[in-house]
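Reviewing the structure listed below.
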Amino acid sequence: MGNWVVNHWFSVLFLVVWLGLNVFLFVDAFLKYEKADKYYYTRKILGSTLACARASALCLNFNSMLILLPVCRNLLSFLRGTCSFCSRTLRKQLDHNLTFHKLVAYMICLHTAIHIIAHLFNFDRYSRSRQDTSGSLASILSSLSHDEQKGGSWLNPIQSRNMTVEYVTFTSIAGLTGVIMTIALILMVTSATEFIRRSYFEIFWYTHHLFIFYILGLGIHGIGGIVRGQTEESMNESHPHKCAGSFEMWNDHDSHCRRPKFEGHPPESWKWILAPVILYICERILRFYRSQQKVVITKVVMHPSKVLELQMNKRGFSMEVGQYIFVNCPSISLLEWHPFTLTSAPEEDFFSIHIRAAGDWTENLIRAFEQQYSPIPRIEVDGPFGTASEDVFQYEVAVLVGAGIGVTPFASILKSIWYKFQCADHNLKTKKVGHAALNFDKATDIVTGLKQKTSFGRPMWDNEFSTIATSHPKSVVGVFLCGPQTLAKSLHKCCHRYSSLDPRKVQFYFNKENF
205 MGNWVVNHWF
215 SVLFLVVWLG
225 LNVFLFVDAF
235 LKYEKADKYY
245 YTRKILGSTL
255 ACARASALCL
265 NFNSMLILLP
275 VCRNLLSFLR
285 GTCSFCSRTL
295 RKQLDHNLTF
305 HKLVAYMICL
315 HTAIHIIAHL
325 FNFDRYSRSR
335 QDTSGSLASI
345 LSSLSHDEQK
355 GGSWLNPIQS
365 RNMTVEYVTF
375 TSIAGLTGVI
385 MTIALILMVT
395 SATEFIRRSY
405 FEIFWYTHHL
415 FIFYILGLGI
425 HGIGGIVRGQ
435 TEESMNESHP
445 HKCAGSFEMW
455 NDHDSHCRRP
465 KFEGHPPESW
475 KWILAPVILY
485 ICERILRFYR
495 SQQKVVITKV
505 VMHPSKVLEL
515 QMNKRGFSME
525 VGQYIFVNCP
535 SISLLEWHPF
545 TLTSAPEEDF
555 FSIHIRAAGD
565 WTENLIRAFE
575 QQYSPIPRIE
585 VDGPFGTASE
595 DVFQYEVAVL
605 VGAGIGVTPF
615 ASILKSIWYK
625 FQCADHNLKT
635 KKVGHAALNF
645 DKATDIVTGL
655 KQKTSFGRPM
665 WDNEFSTIAT
675 SHPKSVVGVF
685 LCGPQTLAKS
695 LHKCCHRYSS
705 LDPRKVQFYF
715 NKENF
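So the sequence shown is residues 205 to 719, counted in our numbering.
This is the structure we're talking about:
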């Protein structure tokens, strides 16, 4: 537990602050709407569900402001590569961008559920108070309509006894946008499950872009003004604490209390999401601009096990080890972009990727390049973008673990190390990399092209980490993985187990590729 706190204190602090802000915003908004005089009459109809609906709405705005930031890849690459204040501890937090993106999405789902349930109760109470003929305060407030008062100073959105909740839901701006946002959110969350994302990436890709409808709906959701409060002018003339008890005399000329007037709550969601949306639009414009730059395919190599290697050139392309790019092939799909780790070294005069057949898109791409008498398909490239592997040269000892096609990030690293040793680069901190063997019948490794081969297999991780800790008792060891989550859990535990609480002794830092 001590090692875990030492290695993850910043992540824990960040999550605590984020959760704390959610709790604070919810409680603060709940108390505000429970006590505000402006909503005194509204509470007479709705009760505490008004405060629940408004508090959850505020938390939805807060988390919707954050949801786009972790997927701004250019912003993350800028923070990772160019900001001097990004120390190793801070840079490692950028590797958890997708994890944070998912956590924010789950929080949005939670507050969406609270918001919907609260409004279901609200509409039920609106309907019952509109049907009430007992002459109670709630029924009198619900009877205020467009016909009875000029200026639309109504409180209950159900304007007649014949009007149904369904009618209000699908004819009002708030109701219709709420339905659209909920459907979009359900489709996005369900299609983002591990099974669908891995097996049917196209479904995940297309449904996830429904976020456009979610953001647009959120921006205009509050325009309808379903939740209404007493106007300031009306409160000066007829304060609820003084006049609520004498509501039967509101129409009397001799009474000092006048019938209250109401106005809709001004929309606020757009204020929360405006800046992130502008930032994201700039991000997409930059991606589009870079994707339109011409890519020249200089070499195509078909490796065994249906692995395609593409070597390419692009004007102004500059990369670091372990980075990845997004690739689009318009002849296969105009909209689909898929991430691939660069397998070339920065010192080479080209950049390359290795593509394994793992779905419809990759199989179609490989098939298109296998056709000998057909023109080479056009490729569009966006990137490169930074990953955890960029920090590999910041460690004295590096352990590279790749499962299956996950060896590709380390091809770039191993090649770059070879070039750096050839050039006697004195700035290279790395003194030792773990190694093994693959393809014994080949003179060189199939992925890296180096004589030092990579190996598959399941090492005894406890033995490996114990040996490394013994051999390098005062070193900082970087453990890098590109592979499945089950392997990540095993390596993560080993990093905690074999890291010393004494910062002067061996420390293991776990880094996993996430894209």
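From the three backbone atoms N, C-alpha and C, an ideal C-beta is built for every residue, glycine too.
This one's a predicted model, so the numbers in the text were calculated from it and none came from an experiment.
> Can you tell me whether DSSP reads Cys486 as helix, strand or coil?
Replying inline: The residue you call residue 486 lines up with position 282 of the sequence shown. Three-state result, Cys486: helix.
> With distances taken from CA atoms, which of Ser459, Gln335, Thr566 is nearest Pro543?
Replying inline: Residue numbering aside, residue 543 sits at position 339 when the sequence shown is read from its first letter. Closest option to Pro543, Cα to Cα, is Thr566.
> Between the Cα of Ile321 and the Cα atoms of Met367, Arg258, Ser450, His443, which residue gives the shortest distance?
Replying inline: Within the sequence shown, residue 321 is the residue found at index 117, counting from 1. Here the closest residue by C-alpha is Arg258.
> With 16 as the cutoff for other CB atoms within 10 Å, does Leu359 come out buried or exposed?
Replying inline: One-based indexing of the sequence shown puts residue 359 at position 155. Leu359 comes out buried.
>> Could you tell me the alpha carbon to alpha carbon distance between Ser347 and Arg334, rounded to whole angstroms?
In response: Position 143 of the sequence shown, counting from 1, holds the residue named residue 347. Position 130 of the sequence shown, counting from 1, holds the residue named residue 334. If you take the alpha carbons of Ser347 and Arg334, they lie about 7 Å apart.
>> According to DSSP, is Ile689 part of a helix, a strand, or is it coil?
In response: For this step, residue 689 is matched to residue 485 along the sequence shown. The identity of residue 689 in the sequence shown is Gln, whereas the question assumes Ile. Three-state result, Gln689: helix.
>> Only counting the same chain, and skipping five residues up and downstream in sequence, which positions put a Cβ closer than 7 Å to that of Thr316?
In response: Here residue 316 is taken as the residue at index 112 of the sequence shown, counted from 1. Leu264, Thr386, Leu389.
> Do Gly382 and His425 come within 8 Å of each other at the CB atom, strictly closer than that value?
Replying inline: Locating residue 425 in the sequence shown gives position 221, counting from the first residue. Locating residue 382 in the sequence shown gives position 178, counting from the first residue. Result yes, Cβ atoms of His425 and Gly382 sit closer than 8 Å.
> Who are the Cβ neighbours of Lys709 in its own chain at under 7 Å, not counting the five residues just before and after it?
Replying inline: Working through the sequence shown from its first residue, we reach residue 709 at position 505. Pro677, Lys678, listed in sequence order.
>> Tell me the DSSP secondary structure of His412 in three-state form.
In response: The residue labelled residue 412 in the question sits at position 208 within the sequence shown. Reduced to three states, the DSSP call for His412 is helix.
>> At 3 residues or longer, what runs of the beta strand (DSSP E) sit wholly inside the region 564-598?
In response: 584-589
> Who are the Cβ neighbours of Tyr528 in its own chain at under 7 Å, not counting the five residues just before and after it?
Replying inline: Within the sequence shown, numbered from 1, the residue matching residue 528 stands at position 324. Beyond the five residues adjoining it in sequence on each side, Tyr528 comes within less than 7 Å, by CB distance, of Pro543, Phe544, Thr545, Leu546, Gly587, Pro588, Phe589, Thr591, Phe719 in the same chain, given in chain order.
> Near Trp541, which residues of its chain fall below 6 Å by C-beta distance, leaving aside the five closest residues on each side in sequence?
Replying inline: In the sequence shown, the residue the question calls residue 541 occupies position 337. So the qualifying residues of the chain are Phe530, Asn532.
> For the region 219-292, which segments carrying the beta strand (DSSP E) assignment without a break, of at least 3 residues, lie completely within its bounds, in sequence order?
Replying inline: none
>> Using DSSP's beta-bridge definition, name the partner residues of Gln711.
In response: By one-based count along the sequence shown, residue 711 stands at place 507. Gln711 pairs with Val680.
> Taking the beta strand (DSSP E) that Ala602 falls in, what are its first and last residues?
Replying inline: Position 398 of the sequence shown holds residue 602. 601-606 is the span of the beta strand (DSSP E), which, as asked, contains Ala602.
>> Since Ala342 and Ile249 should fall inside the 8 Å C-beta cutoff, what is the C-beta to C-beta distance between them, to a whole number of angstroms?
In response: Residue numbering aside, residue 342 sits at position 138 when the sequence shown is read from its first letter. Residue numbering aside, residue 249 sits at position 45 when the sequence shown is read from its first letter. About 5 Å; that satisfies the 8 Å criterion.
> Between the Cα of Leu420 and the Cα atoms of Thr435, Leu478, Ser459, which residue gives the shortest distance?
Replying inline: Position 216 of the sequence shown, counted from the start, is the residue given in the question as residue 420. Of the candidates Thr435, Leu478, Ser459, the one whose C-alpha sits nearest the C-alpha of Leu420 is Leu478.
> Nearest CA to the CA of Leu604: which residue from Val683, His300, Asp336?
Replying inline: Here residue 604 corresponds to residue number 400 of the sequence shown, with the count starting at 1. If we check each option's Cα against that of Leu604, Val683 comes out closest.
> Does the beta-carbon distance from Tyr243 to Tyr237 come in below 8 Å?
Replying inline: Residue mapping note: residue 243 aligns to position 39 of the sequence shown, counting from 1. Residue mapping note: residue 237 aligns to position 33 of the sequence shown, counting from 1. Yes, they are a contact pair.
> How long is the line joining the alpha carbons of Tyr623 and Val499, rounded to whole angstroms?
Replying inline: Numbered from 1 along the sequence shown, position 419 holds the residue referred to as residue 623. Numbered from 1 along the sequence shown, position 295 holds the residue referred to as residue 499. Tyr623 and Val499: Cα-Cα distance of roughly 25 Å.
> Three-state secondary structure (DSSP) at Gln497?
Replying inline: Numbered from 1 along the sequence shown, position 293 holds the residue referred to as residue 497. Per DSSP, reduced to three states, the secondary structure at Gln497 is coil, with no helix or strand assignment.
> Who are the near neighbours of Val511 in its chain, counting only those whose CB is closer than 6 Å to its CB and skipping five residues on each side?
Replying inline: Here the question's residue 511 lines up with position 307 in the sequence shown. Once the five neighbours on either side are set aside, the close Cβ partners of Val511 are His558, Arg560.
> Among residues of its own chain, excluding the 5 on either side of Gly606, which ones have a beta-carbon nearer than 6 Å to its beta-carbon?
Replying inline: Taking the sequence shown and counting its residues from 1, the one referred to as residue 606 is at position 402. The answer, listed in chain order, is Phe614, Cys686.
> What residue range is occupied by the uninterrupted beta strand (DSSP E) comprising Phe374?
Replying inline: As a first step, residue 374 is located in the sequence shown; it is residue number 170 there, counting from the start. Counting along the chain, Phe374 falls outside any beta strand (DSSP E), though it belongs to the alpha helix (DSSP H) covering 369-375.
> Beta-carbon separation of Asn517 and Phe573 under 8 Å?
Replying inline: Within the sequence shown, the letter at position 313 stands for residue 517. Within the sequence shown, the letter at position 369 stands for residue 573. Not closer than 8 Å, so no.
>> Using a Cβ-Cβ cutoff of less than 7 Å, which residues in the same chain neighbour Asp645 once the five nearest sequence positions on both sides are dropped?
In response: Here the question's residue 645 lines up with position 441 in the sequence shown. Any answer about Asp645 is weak, because its pLDDT of 42 lies below 50 and its placement is not dependable; what the coordinates show is given next. Excluding sequence neighbours, Asp645 sits near nothing in its chain.
> Around the C-beta of Glu437, are 16 or more other C-beta atoms found within 10 angstroms, so that it is buried, or is it exposed?
Replying inline: Position 233 of the sequence shown, counted from the start, is the residue given in the question as residue 437. Answer is exposed; the Cβ neighbour count stays below 16.
>> Please list the terminal residues of the continuous alpha helix (DSSP H) segment that includes Thr435.
In response: Here residue 435 refers to the residue found at position 231 when the sequence shown is read from its first residue. Per DSSP, Thr435 belongs to no alpha helix (DSSP H) and is neither H nor E.
> Skipping 5 residues on each side, what residues in its chain have a beta carbon closer than 7 Å to that of Pro480?
Replying inline: As a working mapping, residue 480 is identified with position 276 in the sequence shown. For Pro480, where only same-chain residues beyond five positions count, the Cβ hits under 7 Å are Met269, Leu272, Leu273.
> Cβ of Val275 within 8 Å of Cβ of Ser331?
Replying inline: Indexing the sequence shown from 1 puts residue 275 at position 71. Indexing the sequence shown from 1 puts residue 331 at position 127. In this structure, Ser331 does not lie closer than 8 Å to Val275 by Cβ.
>> Just verifying my parser: in three-state terms, what is the DSSP assignment at His315?
In response: Working through the sequence shown from its first residue, we reach residue 315 at position 111. In the three-state reduction of the DSSP assignment, His315 falls in the helix class, which pools H, G and I.
> Are the C-beta of Ser670 and some C-beta of chain C separated by less than 8 Å?
Replying inline: Among the chains in the structure shown there is no chain C, since it carries only a single protein chain.
>> If I measure Cβ to Cβ from His305 and keep anything under 8 Å in the same chain, skipping five residues before and after, which residues do I get?
In response: For the purposes of this step, residue 305 is taken as residue 101 along the sequence shown, with counting starting at 1. For His305, where only same-chain residues beyond five positions count, the Cβ hits under 8 Å are Ile271, Pro274, Val275.
>> In the DSSP output, what is Met453 paired with across the bridge?
In response: For the purposes of this step, residue 453 is taken as residue 249 along the sequence shown, with counting starting at 1. None; Met453 has no bridge partner.
>> Using the three-state DSSP reduction, which class does Met516 fall into: helix, strand or coil?
In response: Looking up residue 516 in the sequence shown gives position 312. Met516 falls in the strand class under three-state DSSP.
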